[in-house]
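What follows is one structure encoded as C-alpha cells, with my remarks underneath.
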Amino acid sequence: MLSRKRLTLAASALLLTVSITFVSFRNDDRFFEIARNLDIYATLFKELNMYYVDEINPNRMVKTSIDAMLKALDPYTNFYAEDEIEDYMTMTTGRYNGIGALIGTRQGKSIVMMVYEGTPAEKAGLQLGDEILKVDGVDVKTRREMDPGKLLRGQNGTAVKLTVNRYGQKAPLELSVMRDVVKMTNVPFYGMITDEVGYIDLKDFTSTASREVRNAFTELKGKGMKKLILDVRENPGGLLNMSIDIANIFIPKDSEVVTTKGKVTEWNKTYNALYPAMDTEMPLVVLTNSRSASAAEIVSGVIQDYDRGVLIGQRTYGKGLVQTTRELSFNTKLKITTAKYYIPSGRCIQAIDYSHRNPDGSVGKIPDSLKTAFKTRNGRVVYDGGGVTPDITTEAATPTPIALSLNNKGLIFDYAVKYHHEHPTIKPAREFRLTDAEYQDFTKWLKDKEYDYTTQVEKDLGDLEASAKKEKYFDQIQDQIKALKNKVSHSKDADLNTFKGEIKTLLEQEIAGHYYLQKGMKETSFTTDPEIKAALDLFKDMNRYQTLLKGK
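The sequence shown runs -26 to -1, 1 to 526 under mature numbering (1 follows the signal peptide of the UniProt record, and there is no 0).
What follows is the structure in C-alpha cells.
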C-alpha cells in the first residue's frame, strides 16, 4: 500500500494536473472567442465596404469602432491613430512645432484666446482677440472640418503667414511668424506673494515638470522664501515619474512615494524617492480642488501621508489609475490602464469603480460604507476611495448666473480686447484695479449685448409650476406663483450692481492677461483667491499649522 505521504503527493500531483488542464481549456476557450469575434468583425467590415449605399472611410470607421470598444472600459484607455501621434507626443512632452497661440472658435470666427510668453506668436506681435482670417493665404472658414490651431503647426524653422483682423484697425494685418519648438510650461507662474511666502503654480506633469518646480523652488529660496504655497488646482496629472520626483523635493531620500498594483504582477512596483530632499522643514501648503487628478493627487497625497504640509481647498478628483503606453502596428499606440496606485498610507484614492457597471452601463462612485480608514505618519485618519480630502476645506467658488453668462458669451473677453486697445499701458498686474467709472463704462457697453440667463430660483419656480399643473394644483396656487415670479424675476441692471465685486474681479483678471499674459492673470487673482487667502492666514498662525499636522 502507498504510504500516507505518497498518497498526499499523488493527490497533489493529480490536482495540479487537473488545474493546469482546466486553465488550458479556459484559455483555449478565451482565445477561440477572441478569434471568432475578430473573424465576425472582419467579415462585417468587408460586407459594409462592398454593399453599403455610400462610400465609407475605412480609417474613420475603424477608429470609431475602437473608440466605442474602449469606452466600455474607462476614460483613460485610449487609442491613438497614426495622424494623432503628434498630439500624443505633445501631451506627454509638452512640446510641439508651431507658434505658441491658443486658438478658439467663437461665432464661426477663429480668435486668438491666449498667446504664450516667449513664443514666436508673442515675438511676432500676435495679440489676444485677433481674428485669424487666413493662414498662408487659405481662408480658415473654408477649412471648418479642421482645428484652426493645427493649421499653424508645421516644420520647425518654416514661416507661416497670417492675415488677421485686429480691434480698432480698419484693414486686416499681415503677420509672418517663424515656427519653432514650443514648450508648454508645467509651471506657468511662480513668485513671491509676500516677503517670505513663495508660490509655485504647477499645472501639468510632462517630462520637464520636476526640473521646472526645482528651478522655481531654488530661485524663490534665493529671494528669501521661508514658506511655500504649491498650487495643483486644475492640474489633470501626467507622468508618474514626475510626481515621484516632485514629491521627493519635500521628503527624504528612500521614502516610499507610490506603489502600483495590477493584473501583470511582474509590473507591480514600489517607487521610492531617489534623491536627497531639497527641503524637509519649510512650512508647506498644497492647494487642491476637484480637478486635481492623478499625478497631482500623488503629490498632494504623499505630502499629507507624511504630514509634510497642509492641504487646503476641495477634495481631489479621485483618479488612482495608472496608464501604460503600448506600441501597435502602423505607428499607432494604445494607452491602457494597467494598475492602480497606492500612496504611502496604503490607500488608493480611485473614486469610481469602472469594473462593476450598473445595468444601464453607467458607473458610480465608491460608497462611503466601503471606504477604509488609513493613518498618516502622525496617526491622522485618512480614507481611500474618493480622492484626497484637504486638511482645511474651502467652499468651491460657484459663479453667479450673470457672471457665468457674461463669461460664456465671451463678453468679459471682448471688453478686455476693447480696453487693451484704448489703454496702451496699465499698472503692474498685482496693482491693477478697475475704477468705479471704468466699471460703469463696462455696464454701458453691455446695453446692446445679448447675455440673458435664468437664475436657479427661476428654474425652481418653473419646476414648481410644471408639477402643480401636472398634479392639478395650479389653479389653487397660480396667484402665489405669479407673485413669487414677479419678486424673483431678475433684472440685469440690478444684478450688475449686486454682483459687481465678482464681475469686476473677472474683468481685472482678463484685462491683465491681455497685457501680461498668463502671469498677469495669476498675479491679479492673489488678493481675491480664497485658497491663497486661507494659506496666508494659516502661515500667520504657525501654532495652528503644527496642530493640524499633529492631528490634535
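For glycine and all other residues, C-beta sits at the position ideal for the given N, C-alpha and C.
Does PRO375 come within less than 8 angstroms of chain B when only Cβ atoms are used?
Included in the structure is just one protein chain, with no chain B present.
Can you tell me which residues form a DSSP beta bridge with THR137?
LYS108 and GLU148
Start-to-end residues for the alpha helix (DSSP H) that takes in GLY475:
474 to 499
At what residues does the beta strand (DSSP E) containing ILE174 begin and finish?
171 to 175
Quick test of the definition: if touching needs 3 or more C-beta pairs under 8 angstroms, does the segment 272 to 281 touch the segment 302 to 318?
yes
Count the other CB atoms, across all protein chains shown, that sit within 10 Å of the CB of VAL27; report buried if there are 16 or more and exposed otherwise.
exposed
Using CA atoms only, rank isn't needed, just tell me which of ASP57, PHE513, GLY525 and ARG518 is closest to ILE167.
PHE513
Cβ pair THR67, THR180 closer than 8 angstroms
yes
For GLU58 and ASN122, the rounded distance between their alpha carbons:
The residue you asked about is not Asn; residue 122 is Pro in the sequence shown. The straight-line gap from Cα to Cα measures roughly 16 angstroms.
Where does ARG282 sit, in a helix, a strand or coil, going by DSSP?
coil
CB of GLY353 within 8 angstroms of CB of ILE323, strictly:
no
Got a sec, what are the start and stop residues for the alpha helix (DSSP H) PHE387 sits in?
385 to 396
As assigned by DSSP and simplified to three states, the class of LEU204
strand
Rounded to the nearest angstrom, how far is the Cβ of LYS293 from that of GLY384, given a contact under 8 angstroms?
No, LYS293 and GLY384 are not in contact; Cβ-Cβ is about 31 angstroms, not under 8 angstroms.
When the distance is taken between beta carbons, is VAL138 closer than 8 angstroms to CYS98?
Note that residue 98 is Ala in the sequence shown here, rather than Cys. Cβ atoms of ALA98 and VAL138: not closer than 8 angstroms.
Return helix, strand or coil for ARG404, following the three-state DSSP convention.
coil
Status (buried if at least 16 other CB within 10 Å, exposed otherwise) for ASP61
exposed
Using 8 angstroms as the threshold, is the C-beta distance between GLY131 and ASP169 below it?
no
When you compare the segment 480 to 491 with the segment 392 to 402, are there three or more beta-carbon pairs, one atom per stretch, that lie closer than 8 angstroms?
yes
Spell out a yes or no on whether the segment 335 to 354 and the segment 75 to 94 are touching, meaning 3 or more CB-CB pairs, one atom from each, closer than 8 angstroms.
no
What residues in its chain sit with their C-beta under 8 angstroms from that of THR350, if we drop five residues either side in the sequence?
GLN278, ASP279, TYR280, ASP281, SER319, VAL356 and GLY525
How many Å lie between LEU248 and GLU240 at the Cα?
21 angstroms
Going by C-alpha distance, which of ASP41, LEU47, LYS135 and TYR15 is nearest ARG331?
LEU47
Tell me the start and end of each unbroken beta strand (DSSP E) in the segment 43 to 128 that is at least 3 residues and wholly inside, in chain order.
52 to 54, 69 to 72, 75 to 80, 83 to 89 and 105 to 109
Quick check on this structure: which residue in VAL134, TYR90, ALA468 and LYS446 has the alpha carbon closest to the alpha carbon of residue 531?
Here the chain has residues from -26 to 526 only, and residue 531 is not among them.
I'd like to know whether the C-beta atoms of ILE286 and PRO364 end up nearer to each other than 8 angstroms.
yes
Unbroken beta strand (DSSP E) run spanning TYR164, endpoints
163 to 166
So, helix, strand or coil for LYS459, using DSSP?
helix
Distance, Cα to Cα, LEU126 vs ALA75?
9 angstroms
Since I believe ARG207 is in contact with ARG261 (beta carbons under 8 angstroms), could you give me their beta-carbon distance rounded to a whole number of angstroms?
Per the sequence shown, residue 261 should be read as Leu rather than Arg. Rounded, the Cβ-Cβ distance is 5 angstroms, consistent with contact.
Roughly how many angstroms lie between the CA atoms of GLU505 and GLN288, to the nearest whole one?
9 angstroms
Using 8 angstroms as the threshold, is the segment 494 to 502 in touch with the segment 418 to 436, meaning 3 or more CB pairs across them?
no
Classify VAL238 as buried or exposed, calling it buried when 16 or more other Cβ atoms lie within 10 Å of its own Cβ.
exposed
Could you have a look at TYR349 and say whether DSSP puts it in helix, strand or coil?
In the sequence under discussion, the amino acid at residue 349 is Lys, which differs from the Tyr named in the question. It is a strand residue.
Please check the pair ILE477 and LEU344, which I expect to be a contact at CB under 8 angstroms, by giving their CB distance rounded to whole angstroms.
Not quite, the Cβ-Cβ distance comes to about 43 angstroms (not below 8 angstroms), so this is no contact.
May I ask you to report which of helix, strand or coil DSSP gives LYS293?
coil
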